[in-house]
Amino acid sequence: MNHRMKMKHLLLVLTLAAAPLSYAQTIETAAADSLSNSEQELQDDGSFTFTESQLGENDDITTDVIQINSNNNVYLSQIGWTWSGIWFKYRALDNAYNDIYMNGVQVNNPENGRFSYSTIGGMNDATRNKDDVGVFEGNNYSFSALGGSSNYNLRASQMAAGHKVTLSGANRNYTLRGIYTYGSGLSKDGWAFFGTVGYRWANMQTAAIKGTFYNSFSYFMAVQKVFNEKHSLNIATWGNPTERATAGASTDEANWLAGSNLYNPYWGYQGGKKRASRVVNNFEPSVLATWDFNIREDMKLTTSAFFKMAKYKTTKLNYNGTNPHPDYWKRFPSYNYNVWGNEDDKNYDYDAFWASYDNWQDERYRQIDFDQLYFANTQLNKIGADAIYWIEARHNDHMMTNLASTYDWDIKKGLKWSVGIQLLSNRGSHYKTMEDLMGAENFHNTNTYLVGDYRQTSTDAMYDVNHGYQKIIEGDRFGYDYDLWNQDVRLWTNLTLDRGILHSFVAGRIGGRRMWREGFMRNGLFPDNSYGKSGKAHFLDGGMKVGGVVNLGKGHAISFGAGYEQKAPGAAVAFMCPEMNNDFVQKLGNEEVASTELGYALNNKWFRLNLTGYYYYMHGGNEWHPFFNDDATSFTYNSLSGTEKMYYGVELGLRVRLTSSLDLLALGTYSEAKYTDNTEVTWMSSTTRDKLIEDICYNKGMRISGTPLAAASLGLNYRIKRWYLGLTGNYYNRIYLSYSPNLRYASNMRNADKELPGGGFAVDEQAMGNGGFMLDASIGRQFYVAHHPLSVNLQLCNLTNRRNITTGGYEQSRSNYSVNESDKNGTKTPRTYNFTKNPKKFYTQGFNFMLNINYKF
Amino acid sequence: MKKHSFIILMLAGILSATSCQSGDWDVPEGLATQPPYGNNTLVAGKTATIAQLQSQYASTISSSSYKKIEDDLWLRCVVTGNDLGGNIYKQITVQDETGGIIIGINGSDQGALMPVGQRLLVSLKDLYIGGYGEQAQIGGRYNGGIGRMELTEWQKHVRLIMDGTKEAEDFGSMKVDTVDFDATKSMAEQSGKVVRLKGVTISGTGTQTIAPDDGSVSPIGGCINRTISGGNAGNKCLLRTSTYADFHGLPLPSGAVDFYGVATWYRGDWQILVRTESDLTWVK
């Protein structure tokens, strides 16, 4: 072999080695291919069902994790599946930093930036084809997001042809699942059809968490016509009307009293039957039309139009009196006696402590007593009074219209250019309706929190002055009713260059956003700025990033990336109190994000190793939180502006081929994700017209919650003669709970006597959850029945039945003292109950399984 | 054909999915006759009137101490005041034809369960009776005096008499009149009763509302006392209102007015507790 041929051969090898690090979909390495069909199917079906229960399906806490994936990186390709049981968040990032595309059009809800994976649950066969990229991977559909991007390919001709039936059984949030899928493949006359229908079900007797149920039908249908070599048109439509009951987080005291870490306070008995108080109804029918135009062999134009009409409502038991939920803090034994040993407590009541303990032994006490709530309402009917209890539905609907066009050009060998435009308009409709008056005959659209300062019938206390002292019946809108509009224009471009040992890319984006609110109720406290349209806010954002891979030969490669971008806020954080008026928050601006990453990869016949370090710096973000502030003795709306955060850590993924049928898989991460400076906060009370109050939230050092910041796994996968066996041990640690901002406001800490003599404050440590070890196993076998493949997979999770590992939770925002607002000196009365020591938590389920049977014919 | 079958299957699925599990929930049966509150198995025994109780435990009440009721006595009464207006806190006031008394219950929103006019049968055995500031009260022990009984305890001792039931028939009617306030009457004669103040003036310092919560007046036990004078008020009569009452922000009337309230006694003073805004007849 002469020198020239050697060089050519070497370049070819290097090019091939580098390519997977930048083109996730197109080239896979031999090691990645070592996943058997059975294992792949198990992951495809299992990971989705495993995580879809957690993705966007919990109302109390942000559990929206990112389904990151990348075929180029062992770590990225495995964590979504392996760590789904703990709600692992990739790099501790919010789901808003993960961009989701469908045939090239971005479908994240711009209001909060998030994509709800639950909206494509139950249609696994349709969503299998996707192109995942990490933050520093070039691609031909986007400026990749901080938490990675995915582009689902929903073209009918790209789906597997044939019939497939899937039957599943599990002891998780649903019990049974059935899916039927049919794909025609591309016919000779250029037509392709694909459809899948599925149903997921659990009732109150079978669901893993007491008091919940699951009822979800899913459909997906796509038709494609390939007109000729240049043009094709694909139309896809899907949706999954779902009705499900949700569970709530609880304090350790509640769990201990109830004898279960899965205690759920949101259900109770009515007429001897179990009834859930929090039921989500969600249906987001979507239509996507895609025109593929192959201009010439090296040039392509993809244009997609997307329309979605999303209906989402969640019910909640509400009240005008004392909280009737069984986990209301005054119902606990520790409300009566300080179990934490505060010897100064003069308010203890030992008899009441034991009486409460005894009460909690009765399931009827520790769940909602619907019969009694109905009885109270019917008693009030006798005197013509308004309902004291009712179930309301909070609606978050949205209508999204998107248009995207992407132009790809393979300029020459090793040089590719993509450019695209995204246009988006989203209307988010937010309102409450009366779901169930629970036997009451009267209810008025009045802000009962104001009654006392104002008369019940006064204009000031009306939620909607335009309708006066309005009587509400079931189905009526009340409380608040407004739309939030977001409109975006975004341009992006991506240039990839392969030259010698370097594979690199540079990408950029620029965009404009405008947003406004339109109110449909004239709130009595804000009659002049609540009804009609607000002003419009405009933002210009954009960014640049570069990245690359240097192939060092013999399978060694170094990857790097750096980027800077500004991200416009969504309407969800843009308004001070959108339920009441049109005012924008005062310090609304773009979030600045600087990001960098350095990685090492080794790829050969036996090893596949990825070691990556990353560092993100974010500054200028906005957050918005509504909560009850004891120090203000009022429900408050809080806007945090100019947040400063850092995310950094190391990630390891290793797959070792021990024998031709045995792999060892090791995964690990140790990361940090925290606020690095205190944050300015502006807040206002929901019960006054008072001006905005400014304060400082001492949140420096608070960690991002709801995910382990340290995790490690060691697993073995064995494949032989169509059998697949897997055993994985997972260890999780450094799990923080969502911190409560208002407990760390300067003014509130002064009230709590936490000011230090030399200045500054003794800020409460952030509450933490428990980490721990979990053992998972899976077994799969492929058979042939009537010459067609039948796969049977059984996934066994948490074999050691660890029930004390925390998956998330939050600090309660209430104070350990009450403030007497009518006292000039604002005297404080210590509470026997200690909110600080009683964060609410979610725990792992314990042993759970899923059996999955697929038959293709 | 396959496509057609698939579409039919899909439409059938959408239709079936509309049959929800959360369901339509009707008002539970039997609420009107077998209330899910209190003890529906209680059957009345020997009745004690409120006047008899006040008399039997007169010294205990006047000395602000307490005693356990050992006798198997039954109280037949009507609710006349509760927490529905946010002024009376964890107490109800009841009356029979002979008098009125306060019952302390450690529970919230009891006014919704026992609205004014609700007839009650109360088993007094093992409950406590005593005086709080010399005001007669039935309840439990608290800090060496009479206080509230636990809600679970109360529910074992009370039966709500529902209209149209056999128990209502046995209970019979109980006519409880509203009387004009008489400052000369004793605690036992008048306290716990709904009274009418006539031609009185209400005055006080600070913001001129019934119970200002802006710090212009220092509350005592979370309440603001206003002086009631003139008319039939006598010279030791106060309007006592919680700063959390639904009507605390109403302006004080500028002239002489009539209004209603429950008469209570506290160490030599009459304290009038307004129940809801409708007691303030001057408010239109």
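As given, the protein sequences belong to chains A and B, one line each in that order. Read in our numbering, the first sequence has 93 at position 93, and its numbers run on one by one without any break. Residues are numbered in our numbering as their position in the second sequence, beginning at 1, plus a constant of 857. Idealized CB from N, CA, C, for every residue including glycine.
Task: Sheet register partners of His430/A (DSSP bridge) - done: Sequence index remark: in the first sequence, residue 430/A carries index 430 (1-based). Answer is Asn396/A and Tyr482/A.
- [ ] Tell me Leu932/B's beta-bridge partners as DSSP assigns them.
- [x] To locate residue 932/B, count along the second sequence from 1; it is residue 75. According to DSSP, which records beta bridges pairwise, Leu932/B is partnered with Val979/B.
Task: Interface flag, Tyr985/B vs chain A, CB-CB below 7 Å - done: Counting from 1 along the second sequence, the entry for residue 985/B is found at position 128. Taking 7 Å as the threshold, the shortest C-beta distance from Tyr985/B to chain A does not fall below it.
Task: Status (buried if at least 16 other CB within 10 Å, exposed otherwise) for Phe375/A - done: As a working mapping, residue 375/A is identified with position 375 in the first sequence. A residue is called buried when at least 16 other Cβ atoms come within 10 angstroms of its Cβ; Phe375/A meets this threshold and is buried.
TODO: Tell me where the alpha helix (DSSP H) around Gln948/B begins and ends.
DONE: Position 91 of the second sequence, counted from the first residue, corresponds to residue 948/B. Element bounds for Gln948/B: not the alpha helix (DSSP H) but the beta strand (DSSP E), Gln948 to Asp953.
Open item on the list: Going by beta-carbon coordinates alone, are Thr806/A and Asn770/A separated by less than 7 Å?
Closed with: The residue given as residue 806/A occupies position 806 in the first sequence. The residue given as residue 770/A occupies position 770 in the first sequence. In contact: Thr806/A and Asn770/A (Cβ atoms closer than 7 Å).
Task: Cβ-based burial, Thr785/A [other Cβ within 10 Å; buried from 16] - done: Reading the first sequence from its first residue, position 785 is the one you call residue 785/A. Checking the sequence, you will find Val at residue 785/A rather than Thr. The residue is exposed, with fewer than 16 neighbouring Cβ atoms inside 10 Å.
TODO: Just list the beta strand (DSSP E) runs in the stretch 1025-1078 of chain B, keeping only unbroken ones of 3 residues or longer that don't cross its boundaries, in chain order.
DONE: The DSSP assignment places complete beta strand (DSSP E) segments of no fewer than 3 residues inside the stretch 1025-1078 of chain B at 1051-1060, in order along the chain.
Open item on the list: Among the candidates Glu765/A, Asn798/A and Phe607/A, whose CA atom is the shortest distance from the CA of Phe847/A?
Closed with: As a working note, residue 847/A is residue 847 in the first sequence. Nearest of Glu765/A, Asn798/A and Phe607/A to Phe847/A, Cα basis: Asn798/A.
- [ ] Going by CA-CA distance only, name the one from Thr446/A, Gly548/A and Met684/A that's closest to Pro578/A.
- [x] Translated into positions along the first sequence, residue 578/A becomes position 578. Among Thr446/A, Gly548/A and Met684/A, the Cα nearest to that of Pro578/A is on Met684/A.
- [ ] Step through the CB atoms of chain B and report whether any lies within less than 7 Å of the CB of Tyr348/A.
- [x] Within the first sequence, numbered from 1, the residue matching residue 348/A stands at position 348. It does not; no Cβ of chain B falls within 7 Å.
Open item on the list: Taking the beta carbon of Glu363/A as the centre, do at least 16 other beta carbons fall within 10 Å, making it buried, or is it exposed?
Closed with: Mapped onto the first sequence, residue 363/A falls at position 363. Flag for Glu363/A reads exposed.
Task: Contact set for Tyr670/A: own chain, Cβ-Cβ below 7 Å, skip 5 residues either direction - done: Position 670 of the first sequence, counting from 1, holds the residue named residue 670/A. Contacts found: Gly649, Val650 and Ala710.
- [ ] Could you check how far apart the C-beta atoms of Ala249/A and Lys837/A are, in whole angstroms? I think they sit under 8 Å.
- [x] Here residue 249/A refers to the residue found at position 249 of the first sequence. Here residue 837/A refers to the residue found at position 837 of the first sequence. Ala249/A to Lys837/A, Cβ: 15 Å. No contact.
Task: Residue closest to Met123/A, alpha-carbon to alpha-carbon, out of Ser157/A, Tyr616/A and Ala236/A - done: Counted from its first residue, the first sequence places residue 123/A at position 123. Of the candidates Ser157/A, Tyr616/A and Ala236/A, the one whose C-alpha sits nearest the C-alpha of Met123/A is Ala236/A.
Task: Per-residue burial, Glu111/A [other beta carbons within 10 Å of its own, 16 or more giving buried] - done: Counting from one through the first sequence, the residue named residue 111/A turns up at place 111. Answer is buried; the Cβ neighbour count reaches 16.
Task: Unbroken beta strand (DSSP E) run spanning Met684/A, endpoints - done: Working through the first sequence from its first residue, we reach residue 684/A at position 684. The continuous beta strand (DSSP E) containing Met684/A extends over residues Thr679 to Ser685.
- [ ] With DSSP collapsed to three states, give me the class of Phe353/A.
- [x] By 1-based counting over the first sequence, the position of residue 353/A is 353. Note: Phe353/A maps to helix in three-state DSSP.
- [ ] Determine which residues share a DSSP beta bridge with Gln795/A and list them.
- [x] Counted from its first residue, the first sequence places residue 795/A at position 795. Partner(s): Ser778/A and Met850/A.
Open item on the list: Assuming Pro893/B and Val936/B are in contact, meaning their beta carbons sit under 8 Å apart, how far apart are those beta carbons, in whole angstroms?
Closed with: Sequence index remark: in the second sequence, residue 893/B carries index 36 (1-based). Sequence index remark: in the second sequence, residue 936/B carries index 79 (1-based). Not confirmed; about 18 Å, so no contact.
Open item on the list: Please determine whether the Cβ atom of Thr800/A lies at a distance below 6 Å from any heavy atom of the ligand GTP.
Closed with: No copy of the ligand GTP appears in this structure; indeed no ligand is present at all.
- [ ] Quick one: give me the first and last residue of the beta strand (DSSP E) that Asn377/A is part of.
- [x] Locating residue 377/A in the first sequence gives position 377, where the first residue counts as 1. It is not in any beta strand (DSSP E) - Asn377/A instead sits in the alpha helix (DSSP H) that spans Phe370 to Lys382.
Task: Under the three-state DSSP convention, the category Pro708/A falls into - done: Along the first sequence, one-based indexing puts residue 708/A at 708. Strand, per DSSP.
Open item on the list: Using only the alpha-carbon positions, how far apart do Ala572/A and Ala901/B sit?
Closed with: Reading the first sequence from its first residue, position 572 is the one you call residue 572/A. Reading the second sequence from its first residue, position 44 is the one you call residue 901/B. When rounded, the distance between both Cα atoms is 60 Å.
Task: Per-residue DSSP class, three states only, for Thr212/A - done: Position 212 of the first sequence, counted from the first residue, corresponds to residue 212/A. Reduced to three states, the DSSP call for Thr212/A is coil.
Open item on the list: Output needed in chain order: residues of the stretch 997-1014 of chain B with a Cβ under 7 Å from some Cβ in chain A.
Closed with: Listed by position, the residues of the stretch 997-1014 of chain B near chain A (Cβ gap below 7 Å) are Glu1007 and Thr1009.
Open item on the list: Output needed for Asp677/A: all residues of its chain with C-beta closer than 6 Å, excluding positions within five of it in sequence on either side, in chain order.
Closed with: Against the first sequence, residue 677/A aligns to sequence position 677. Counting only Cβ-Cβ distances below 6 Å, and skipping sequence neighbours, we find Glu644 and Lys700.
TODO: Within the stretch 186-240 of chain A, note down every full beta strand (DSSP E) run reaching 3 residues or more, in order along the chain.
DONE: Listed in chain order, the complete beta strand (DSSP E) runs (minimum 3 residues) inside the stretch 186-240 of chain A are 191-202, 214-226 and 231-239.
Task: Three-state secondary structure (DSSP) of Ile79/A - done: If you number the first sequence from 1, residue 79/A lands on position 79. If DSSP states are grouped into helix, strand and coil, Ile79/A belongs with the helices.
Open item on the list: Just to check my reading of the structure: Val135/A and Gln422/A have Cβ atoms closer than 8 Å, yes? What is that Cβ distance to the nearest angstrom?
Closed with: Sequence index remark: in the first sequence, residue 135/A carries index 135 (1-based). Sequence index remark: in the first sequence, residue 422/A carries index 422 (1-based). Contact annotation, Val135/A with Gln422/A: C-beta distance approximately 19 Å; criterion of less than 8 Å not satisfied.
TODO: Have a look at Ile473/A and Gln845/A and give me their C-alpha separation to the nearest angstrom.
DONE: Your numbering for residue 473/A matches position 473 in the first sequence. Your numbering for residue 845/A matches position 845 in the first sequence. Rounded to the nearest angstrom, the two C-alpha atoms are 40 Å apart.
Task: Distance between beta carbons of Ser920/B and Gly988/B, contact taken as under 8 Å - done: Stepping through the second sequence from its first residue, residue 988/B is reached at position 131. Stepping through the second sequence from its first residue, residue 920/B is reached at position 63. Right, their Cβ atoms sit about 7 Å apart.
Open item on the list: Using C-beta distances below 6 Å, list every residue in its chain close to Gly547/A, excluding the 5 sequence neighbours before and after it, in chain order.
Closed with: Translated into the one-based positions of the first sequence, residue 547/A becomes position 547. Contacts found: Phe136, Phe505 and Gly561.
Task: Assigned secondary structure, Pro789/A (DSSP; H/G/I helix, E/B strand, else coil) - done: Within the first sequence, residue 789/A is the residue found at index 789, counting from 1. Residue state, collapsed to three classes: strand.
Open item on the list: Can you tell me where the beta strand (DSSP E) holding Asp1126/B begins and where it ends?
Closed with: Locating residue 1126/B in the second sequence gives position 269, counting from the first residue. Looking at the DSSP string, the run of the beta strand (DSSP E) that includes Asp1126/B is Asp1126 to Leu1130.
TODO: Identify the contact partners of Thr378/A in chain B, using a Cβ-Cβ distance below 8 Å as the criterion.
DONE: As a first step, residue 378/A must be located in the first sequence, where it is residue number 378. Against chain B, a Cβ distance below 8 Å from Thr378/A picks out Val884, Leu888 and Ala889.
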